[in-house]
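Colleague:
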Amino acid sequence: MRKLTFILPFLGASLVVAQQGTSQQPSSLKTTSLESHEGMTITARPWTDPSLYKEKFAKKSPYAAGIVAVHVVFRNDSDDSLKINLERIRLNVALSEEDHQALNPLSPEEATDVILNPGAKDPTQIRKKLPFPTGAPKIGRDKHWTEIEKSIEAAGIQSSVAAPHSTVQGLLYFDLRSQFELLSSAHLYVPEIVVIEKNRGLLYFEIDLSRAAEH
140 MRKLTFILPF
150 LGASLVVAQQ
160 GTSQQPSSLK
170 TTSLESHEGM
180 TITARPWTDP
190 SLYKEKFAKK
200 SPYAAGIVAV
210 HVVFRNDSDD
220 SLKINLERIR
230 LNVALSEEDH
240 QALNPLSPEE
250 ATDVILNPGA
260 KDPTQIRKKL
270 PFPTGAPKIG
280 RDKHWTEIEK
290 SIEAAGIQSS
300 VAAPHSTVQG
310 LLYFDLRSQF
320 ELLSSAHLYV
330 PEIVVIEKNR
340 GLLYFEIDLS
350 RAAEH
């Protein structure tokens, strides 16, 4: 049976990450949602405070362009290597009781295009006229574009493989078109993690982000 999602204070989460040889700024996580089973623990925290973006994105903030960054930590406590299919992760949001959507994570290239072309979105557009975009409009790619793309990539998740008793962490980016209130009922869905040595998949993870988004 899958375990329920738990909400832990940041102090506990930061101690866990520190034990795995990683560090996290104290201001970046106050409340973290997590789910754990079969040796894998996933914690997730949407960055809804604009100040959190200043250190990693000095020139252009994804948040200002309507993108939310979700800090995700994959902690592997098992004796096996685990491969995470990052491309299949989705942010599930509810536009209404009848309208639910699964948002793809943006690639660094897609996120950069959104950041540099925020005028492509109509801020007066009402929710029911969405769906959300699956990508981003292509724009000219100059030195400025490259600098932003590199900062987006550097802050992202650097590896899809978590070695035994190790931690992988970083940011995932989702274009919410500045509708950050949707995080109050959002879930991060991680459907595919495979035990490499045994070619066996873990049960899916569905992490409730609602409490984390409140802080």
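Just so we're aligned: the sequence shown equals residues 140 to 354 in the working numbering. Beta carbons: idealized from backbone N, C-alpha and C, even for Gly.
Can you list, in chain order, the residues of its chain with a C-beta nearer than 8 Å to that of ILE206? Leave out the 5 residues immediately preceding and following it.
Modeller: Cβ within range, chain order: LEU245, ALA250, VAL253, ILE254, TYR312, PHE313, ASP314 and LEU315.
Colleague: Cβ of THR187 within 8 Å of Cβ of VAL212?
Modeller: It is not a contact, given that the beta carbons lie outside the stated cut-off.
Colleague: Excluding sequence positions up to five away, which residues of its chain have a Cβ less than 6 Å from the Cβ of GLN349?
Modeller: Looking at the sequence provided, one finds Ser at residue 349 rather than Gln. Excluding residues within five positions, the ones whose Cβ falls inside 6 Å are SER323 and SER324.
Colleague: Per DSSP, what kind of secondary structure is HIS304 in: helix, strand or coil?
Modeller: HIS304: coil per DSSP, three-state reduction.
Colleague: When you compare each of SER175, ILE228, HIS326 and PRO247 to SER217 by their alpha carbons, which one comes out closest?
Modeller: Out of SER175, ILE228, HIS326 and PRO247, SER175 has the C-alpha closest to the C-alpha of SER217.
Colleague: When DSSP builds the beta bridges, which residues end up paired with ILE223?
Modeller: Answer is ILE332.
Colleague: Can you look up SER349 in the DSSP assignment and give me helix, strand or coil?
Modeller: Looking at SER349 - three-state DSSP - the assignment turns out to be helix.
Colleague: From ALA233 to LEU191, what does the alpha carbon distance come to, in whole angstroms?
Modeller: Distance between the alpha carbons of ALA233 and LEU191 is about 25 Å.
Colleague: Give the secondary structure of ILE206 by DSSP, where H, G and I count as helix, E and B as strand, and everything else as coil.
Modeller: Three-state DSSP puts ILE206 in a strand.
Colleague: Alpha carbon to alpha carbon, what distance is there between LEU310 and PRO185?
Modeller: In a straight line, the C-alpha of PRO185 is about 9 Å away from that of LEU310.
Colleague: Once you ignore the five residues that flank PRO257 on each side, which residues in its own chain have a CB closer than 8 Å to its CB?
Modeller: So the qualifying residues of the chain are ALA203, ALA204 and GLY205.
Colleague: Could you name the residues that DSSP lists as bridge partners for PRO201?
Modeller: None; PRO201 has no bridge partner.
Colleague: Do the CB positions of ASN215 and ALA294 come within less than 8 Å of each other?
Modeller: No. Outside cutoff.
Colleague: With 16 as the cutoff for other CB atoms within 10 Å, does ASP347 come out buried or exposed?
Modeller: ASP347 should be labelled buried.
Colleague: Kindly give me the distance between the Cβ atoms of ASN296 and VAL307, rounded to whole angstroms, as I take these residues to be in contact under 8 Å.
Modeller: Residue identity check: residue 296 is Ile in the sequence provided, not Asn. Indeed, because the Cβ distance is near 6 Å, the residues count as touching under 8 Å.
Colleague: For the alpha helix (DSSP H) that LEU255 lies in, which residues bound it at each end?
Modeller: 247-255 is the extent of the alpha helix (DSSP H) around LEU255.
Colleague: Given that a residue counts as buried once 16 or more other Cβ atoms are within 10 Å of its Cβ, and exposed if not, what is ILE228?
Modeller: Buried, by the Cβ-count rule.
Colleague: Here's a check: name, in chain order, each residue in its chain whose Cβ is nearer than 7 Å to the Cβ of HIS304, leaving out the five neighbours to either side.
Modeller: Result list for HIS304: ASN215 and ASP216, in chain order.
Colleague: How would you write the range of the alpha helix (DSSP H) that ILE291 sits in, first residue to last?
Modeller: That run of the alpha helix (DSSP H) goes 282-294.
Colleague: Which residues in the same chain as GLY178 place their Cβ atom closer than 7 Å to its Cβ, once the five residues preceding and following it in sequence are excluded?
Modeller: Contacts found: ASN215, ASP216 and SER217.
Colleague: Identify, in the order they occur along the chain, each residue of the same chain with its Cβ nearer than 6 Å to the Cβ of LYS198, setting aside the five sequence neighbours on each side.
Modeller: Counting only Cβ-Cβ distances below 6 Å, and skipping sequence neighbours, we find nothing.
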